[in-house]
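Residue numbers (full-length UniProt numbering): 1 to 146.
Where is the CB? At the ideal position from N, CA and C, for every residue including glycine.
Please read all numbers here as calculations on a predicted model, not as lab measurements.
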Amino acid sequence: MSTIQIGRITQEDLIHLKQIYEELIEEPTDLASLEKQFKELDRDPHYYLLGAKDGDELAGTVMGVICRDLIADGRPFMVIENVIVSQHHHRKGVGQLLMNELERIAVEHHCGYMILVSSGHRTAAHRFYENLGYTEDVRGFRKPLL
1 MSTIQIGRIT
11 QEDLIHLKQI
21 YEELIEEPTD
31 LASLEKQFKE
41 LDRDPHYYLL
51 GAKDGDELAG
61 TVMGVICRDL
71 IADGRPFMVI
81 ENVIVSQHHH
91 RKGVGQLLMN
101 ELERIAVEHH
111 CGYMILVSSG
121 HRTAAHRFYE
131 NLGYTEDVRG
141 FRKPLL
């Protein structure tokens with residue numbers, strides 16, 4: 001494996017991002033919709049869509065969103081979403097590199113904490129997060145709207 005490079009996802013990465021998303025959700029992702037949403041997110045300075053590249057291949061991705069708050073002296077926090085490592089890059093440190101970079105960004109923005117939710121059945125992912133220092137100290141709720 002060549003050296004993994006972590007950086008922001010670019011327009012040129014979207015076809016590979018589509019493929020990684022489809023590994024997670026196991027249903028087709030519309031490229032035109034992905035491109036449209038990417039343009040919106042890319043303009044918003046609170047969104048960090050990162051990719052882990054192994055040469056020309058996108059090995060993984062994660063999205064972090066800096067959220068402003070009114071309590072705790074207005075200290076922001078980061079929400080983490082879509083932590084995905086391509087199946088054939090599992091257990092190679094890709095996820096840890098992505099999460100470490102998000103944490104660096106969160107600290108740089110003086111975030112008080114980082115938070116994520118993970119589906120109850122993803123026990124391997126839960127162990128991964130715990131190994132990175134995350135604790136299961138909150139209970140999440142979700143209400144599907146579509």
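- Judged by their CB atoms, ILE9 and GLU101 are not nearer to each other than the 8 Å cut-off.
- The distance from the Cβ of PHE141 to that of GLY95 is about 25 Å, inconsistent with a contact at the 8 Å cut-off.
- In the DSSP assignment, PHE128 falls within the alpha helix (DSSP H) that extends over 123–131.
- Cβ contact annotation for TYR134 (same chain, cutoff 6 Å, sequence separation greater than five): none.
- Note that the C-beta distance between GLY60 and VAL85 is below 8 Å.
- DSSP, reduced to helix, strand and coil, places ASP42 within a helical segment of the structure shown.
- Listed in chain order, the non-local C-beta contacts of LEU50 below 8 Å within the same chain comprise ILE6, GLY7, ARG8, ILE9, THR61, VAL62, MET63, GLY64, LEU98, GLU101, LEU102, local neighbours out to five positions each way being set aside.
- One Cα belongs to ALA32, the other to LEU41, and the distance between them is close to 14 Å.
- Annotation for GLU101: the continuous alpha helix (DSSP H) segment containing it runs 94–108.
- For LYS53, the enclosing beta strand (DSSP E) covers residues 47–54.
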